[in-house]
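Comments concern the structure below.
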Amino acid sequence: MNKDLIHWESQATTKSNSNTGLRYQNQMKEGFYIMLLARINTNERAFYFLGRATYLKHELETPMAITGQLNPPLPGDLYANFAAAVA
Numbered sequence: 134m135n136k137d138l139i140h141w142e143s144q145a146t147t148k149s150n151s152n153t154g155l156r157y158q159n160q161m162k163e164g165f166y167i168m169l170l171a172r173i174n175t176n177e178r179a180f181y182f183l184g185r186a187t188y189l190k191h192e193l194e195t196p197m198a199i200t201g202q203l204n205p206p207l208p209g210d211l212y213a214n215f216a217a218a219v220a
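The sequence shown begins at 134 in this note's numbering and counts up one residue at a time.
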């Protein structure tokens, strides 16, 4: 992950050829938006709105390990908090 790219996993049972998996992959041509919200850790109640993501690629089939382009990029302070949480 960096300020422009984000990685997330789909729900455990989502396959790349399922309706949900195909919705991720075809989101631009079908007019869907991926809006990302995340918490720094599971003890925190507040979610941060990370912005809109555009699907770039995925690895694995179940669950899908998805990489997306953030728009706009994460602000520096928020990026630092999330980078520290996953380090």
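Yeah, the Cβ is synthetic: ideal placement off N, Cα and C, and Gly gets one too.
Top-ranked residue by Cα proximity to residue i, from the options
i    : options                   : result
L138 : Q160, L169, T147 and F165 : L169
I167 : Y188, N176 and G154       : Y188
Q144 : K136, E194 and R172       : E194
Contact check, residue i vs residue j, beta carbons under 7 Å
i    : j    : result
N159 : R185 : no
Y212 : K136 : yes
P206 : E142 : no
R172 : F165 : no
Contacting residues, own chain, Cβ-Cβ under 6 Å from residue i (five flanking each side not counted)
i    : result
H140 : M134 and T200
T153 : T147
F182 : L170
K190 : T200
Nearest-angstrom Cβ-Cβ length linking residue i and residue j, presumed shorter than 8 Å
i    : j    : result
N174 : A218 : 6 Å
Per-residue burial, residue i [other beta carbons within 10 Å of its own, 16 or more giving buried]
i    : result
R155 : Checking the sequence, you will find Leu at residue 155 rather than Arg. Label assigned to L155: exposed.
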